[in-house]
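Q:
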Amino acid sequence: MQSMPRSAVVRSIVRTVVLAGAFLCTALPSAPAHALPTFARQTGQNCVACHAGGQYPELTPYGRLFKLTGYTIGERTLPFAAMAVVSDSHVANTSKSDDPRADFQKNDALIFATASGFVAGKVTDNIGAFLQVTYDNYATQSDDGKFHGHTSADNMDIRYADRLISPTNDLIFGVTANNNPSVADPWNSAAAWMQYVPVPSPTSSSFIDGNTPYPGIAAGGNIAGLAAYAYWNQLLYVELGGYRTASGIASFMSAGVPKDEKTRLQGTNPYWRVTLSREWGAHNIMVGTSGMISDVYDDPLDTSDPRSVHHFRDIGIDSQYQYLLDPHAVTVQLAYMRDSHRYPYFLADQPVTDIDGNPLPNTNTRDKTNVFRAKGSYIYQAKYGASMAFFNQTGTTNSALYDPTRVYGNISGNPAIRGWTSEIFYTPVQYLRIGLQYTMYDRYNGAARNYDGAGRNAGDNNSLFLYLWGAY
Amino acid sequence: MKRAIPSLLALAALAAGCANLPRSRDLANPDVSGKTLAEQVCSNCHGVTGTATSPNVPNLAGQLDPYLVKQLKEFKSHSRSDPVGFEYMWGISRKLTEKQIGELAAYFAAQQPRPQSPEGRSEQIAAGRTIFTGGVPDRQIPPCSSCHGAQGLGNGVFPRLAGQHADYVAKQLGVFQRSTERPEGSVMNTVAHNLTRENIGNVAAYVQTLPEGGSR
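Right, here's the structure in full:
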């Protein structure tokens, strides 16, 4: 199969935009100005009160305080909300592949990608929750090629918060039980929040921005943690927590995750977060650091050997600047994460051969990976937005990464990925966003050219991604 | 999972009865005092002493009590429907009681305005002073000082303008000029009608520097 001719690509995009437009016209003729998800019903406020330029999930200074005070501002209301994403991905080159149907599933097809249900809001004057469950319409594929949907726990944050405030002192403090390190964070350069558009599962979306490297915590989500936090004078934020496997009473935090995919941690794994922030006039800025040390079992189904763990040490620094003065919203985010990964004994220092049987250096006992991302965005009237992001992942070369598979392989054993994403988006009503992203690579899986050993270049993965994201 | 959900629901039900009145952020509980709401909720944008960091948000320190009462009632009834009104204040005010409104107004009226550094340029401030004190006679624009006071300290339901963020004042003048989104201030529709964009910027820059000679 050859890559689509240009005219077909244009037709596909036009068809998608027309379909999206038709959806907008039929679904939203009488959309009220304040028909909102649960937090907005709770406070009665517009999305722009808490989300910068209305661009959820990025928070305004007020949104950060709403979150840190435990989602307790307002009144108890029906705590349910939902969101869904319809999307279309287009990969620049689908010809350099042995099986384009498998390598680029649903390429140029408008799909119902994912949907989430939320139970969120105020419980008492001190307790609030944000519980997200996500349905992936393309979670698995059977031998006959059919996709099957699956639902599992997504971000979860239940917290107790209190605030001691006077003209000279302001202390917000609390405890959060959550399932993802940094999900409790109020800044959107934090690992859990910087990537924000839900990612569809079909392989055609493998190269969209949401699948590019983001500074993250290796232990990831669907674990169970307890953290204490304090925000003093809107200047200093400190959060300290520990995470364990989501089991027992906390097992709902990994509900729906297949046993063989569940993250199993050894013992209690520490997470920390410290930020300094300041607001002046329409500006606010934060600089911070975060990190986690974790031991993750190699095989979630067999934790009998205490030495069978991957040891991760993630240390990151990040910064966020916002200028918010109606009708303008400007955000700049910088984030860097350094990950040190020590392999379990049976994966370290192992012999590897290339596709021709020639020996490669033994696998590493330890890898280092660095991920940097910078993003700037501008939104006008909380309706029209554009953003530009740069990402760069570098790291140690390791024969363990050697993989001669076409398209998704890596013959250098180096994890380097570098590129840019530009995006335009439009928010016709506050609970619906339509966005178009274009991601360009100048390095993929360690090389600019022929990274898979079969002639595929980084630029062949350049991807266009159209999404329609609604929340109610 | 099966054990966790009933436990959580039971915990939630138990906790739902708990109120923390001295530090509540509940906008629908009539037993929460206006002072508590001012500290726990309003302070997020307006500042705990009524001085707002963001120019999107008005300073309330020293604002006149009757004006604050009137505005909260206008928000609550959706009579005031300018963007900052419906985006932020309709929800905040929807369940406030008369008593809470009175307490909130009293709280912010009693706060001491903080001296501000000028937000406008000196030539804007000088030009704004001319309009504020003398109006623009050839376009039938009366002096602002005739209702808002010589130092912009306000009078009854005519609000204090002294020390208000210039951007907020300019945007509100635009609201008065182009719409009926603030019917309670309909007199301003006539007053502001002939102001040019430049006039608005200048007069907003001037009132932000008031009162002359420092905080009052």
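The listed protein sequences correspond, in order, to chains V and E.
Under my numbering, the first residue of the first sequence is numbered 1270, with each subsequent residue one higher.
Under my numbering, the first residue of the second sequence is numbered 155, with each subsequent residue one higher.
The beta-carbon is built from N, C-alpha and C at its ideal position, and this holds for glycine as well.
(1) Have a look at the DSSP bridge pairing and note the partners of glutamate 1692 of chain V.
(2) Can you check whether the C-beta of arginine 1635 of chain V is within less than 8 Å of a C-beta belonging to chain A?
(3) Please look up how many angstroms separate the CB atoms of glycine 1510 of chain V and glycine 1494 of chain V, rounded, as I've assumed it's under 8 Å.
(4) With 16 as the cutoff for other CB atoms within 10 Å, does threonine 1622 of chain V come out buried or exposed?
(5) Give the range of the beta strand (DSSP E) segment to which leucine 1400 of chain V is assigned.
(6) According to DSSP, tryptophan 1501 of chain V sits in a beta bridge with which residue or residues?
(7) Quick one: complete beta strand (DSSP E) runs, 3+ long, within the stretch 1312–1358 of chain V?
(8) With the cut-off set at 8 Å, would you say leucine 1440 of chain V and arginine 1428 of chain V are in Cβ contact?
(9) Can you tell me whether tyrosine 360 of chain E is buried or exposed? The criterion is at least 16 other CB atoms within 10 Å of its CB, across all chains shown.
(10) To the nearest angstrom, how far is it from the Cα of leucine 1305 of chain V to the Cα of serine 1356 of chain V?
(11) Looking only at DSSP bridge pairs, what is histidine 1580 of chain V linked to?
(12) Could you run through the stretch 173–185 of chain E and flag, in chain order, every residue whose CB is less than 7 Å away from some CB of chain V?
(13) On the three-state DSSP scale, how would you describe histidine 347 of chain E?
(14) If you follow the beta strand (DSSP E) that tyrosine 1429 of chain V is part of, which residue opens it and which one closes it?
(15) Give me the residue from E:Thr190, E:Leu364 and E:Leu175 with the minimum Cα distance to alanine 437 of chain E.
(16) Taking all protein chains shown into account, do 16 or more other C-beta atoms lie within 10 angstroms of the C-beta of serine 1299 of chain V, making it buried, or fewer, making it exposed?
(17) Three-state secondary structure (DSSP) at phenylalanine 240 of chain E?
(18) Ordered along the chain, which non-local residues of its own chain (more than five positions away) have a Cβ less than 6 Å from that of proline 1330 of chain V?
(19) For glutamine 278 of chain E, I'd like the list of residues in its chain whose CB is within less than 7 Å of its CB, leaving aside the five on either flank, ordered along the chain.
(20) Are the Cβ atoms of threonine 1558 of chain V and valine 1543 of chain V separated by less than 8 Å?
(21) Can you check whether the C-beta of glycine 1343 of chain V is within less than 8 Å of a C-beta belonging to chain E?
(22) Chain E beta carbons: is any one of them nearer than 8 Å to that of arginine 1370 of chain V?
(23) Residues in the same chain with beta-carbon distance under 7 Å from glycine 1739 of chain V, minus the five sequence neighbours each way, listed in chain order, please.
(24) Nearest to tyrosine 1713 of chain V by alpha carbon, out of V:Tyr1695, V:Asn1661 and V:Tyr1736?
(25) Under three-state DSSP, which class holds proline 1630 of chain V?
(26) Is alanine 1740 of chain V close to chain E? Criterion is C-beta to C-beta, closer than 8 Å.
(27) Mind checking the stretch 231–249 of chain E against chain V and listing, in chain order, the residues whose C-beta falls within less than 9 Å of any C-beta there?
(28) Report the option in V:Ser1451, V:Pro1455 and V:Asn1667 whose CA atom is closest to the CA atom of leucine 1504 of chain V.
(29) Measuring CB to CB, does leucine 1593 of chain V end up less than 8 Å from asparagine 213 of chain E?
(30) Counting only C-beta atoms, is proline 209 of chain E closer than 8 Å to chain V at any point?
(31) Three Cβ pairs or more, each shorter than 8 Å: is that satisfied between the stretch 1594–1611 of chain V and the stretch 1636–1646 of chain V?
(32) Using a Cβ cut-off of 7 Å, pull out every chain V residue sitting near cysteine 199 of chain E, in sequence order please.
(33) Look up serine 1451 of chain V in the DSSP assignment and say whether it is helix, strand or coil.
(34) CA-CA distance, glycine 1397 of chain V and glycine 328 of chain E?
(35) Look up arginine 234 of chain E in the DSSP assignment and say whether it is helix, strand or coil.
(36) Who pairs with alanine 1740 of chain V in a beta bridge, going by DSSP?
A: Taking the structure as given:
(1) V:Ser1656 and V:Gln1706
(2) The displayed structure is made up of protein chains V and E, and chain A is not among them.
(3) With a contact defined as Cβ atoms closer than 8 Å, glycine 1510 of chain V and glycine 1494 of chain V qualify at about 5 Å.
(4) exposed
(5) Start and end: 1396–1410.
(6) V:Leu1440 and V:Leu1505
(7) none
(8) No, the pair does not count as a contact, with Cβ atoms beyond the cut-off.
(9) Here tyrosine 360 of chain E is buried, its C-beta having at least 16 other C-beta atoms within 10 Å.
(10) With a pLDDT of only 43 at leucine 1305 of chain V, under the threshold of 50, the placement of this residue in the model should not be trusted; the figure read from the coordinates follows. Between leucine 1305 of chain V and serine 1356 of chain V, the C-alpha separation is close to 22 Å.
(11) Note: histidine 1580 of chain V sits in a beta bridge opposite V:Asp1564 and V:Arg1611.
(12) Ala173, Asn174, Arg177, Ser178, Arg179, Asp180, Leu181 and Ala182
(13) coil
(14) Per DSSP, the continuous beta strand (DSSP E) segment holding tyrosine 1429 of chain V begins and ends at 1416–1434.
(15) Past the boundaries of the shown model lies residue 437 of chain E; chain E is included only from 155 to 370, so the question cannot be answered.
(16) With a pLDDT of only 33 at serine 1299 of chain V, under 50, the local geometry of the prediction cannot be trusted, and the value read off the model is given with reservation. Exposed, since its Cβ has fewer than 16 Cβ neighbours within 10 Å.
(17) helix
(18) Glu1548 and Asn1553
(19) Gly355, Asn356 and Ala359
(20) yes
(21) yes
(22) no
(23) Met1352, Ala1353, Tyr1700 and Leu1701
(24) When each option's Cα is compared against that of tyrosine 1713 of chain V, the closest is V:Asn1661.
(25) coil
(26) False, the Cβ-Cβ gap to chain E never drops below 8 Å.
(27) Residues of the stretch 231–249 of chain E with a C-beta less than 9 Å from any C-beta of chain V: Pro237, Val238, Phe240, Glu241, Tyr242, Met243, Trp244, Gly245, Ile246, Ser247, Arg248 and Lys249, listed in chain order.
(28) Scanning V:Ser1451, V:Pro1455 and V:Asn1667 for the CA closest to the CA of leucine 1504 of chain V turns up V:Pro1455.
(29) Cβ atoms of leucine 1593 of chain V and asparagine 213 of chain E: not closer than 8 Å.
(30) yes
(31) yes
(32) Tyr1331
(33) coil
(34) 39 Å
(35) coil
(36) V:Met1352
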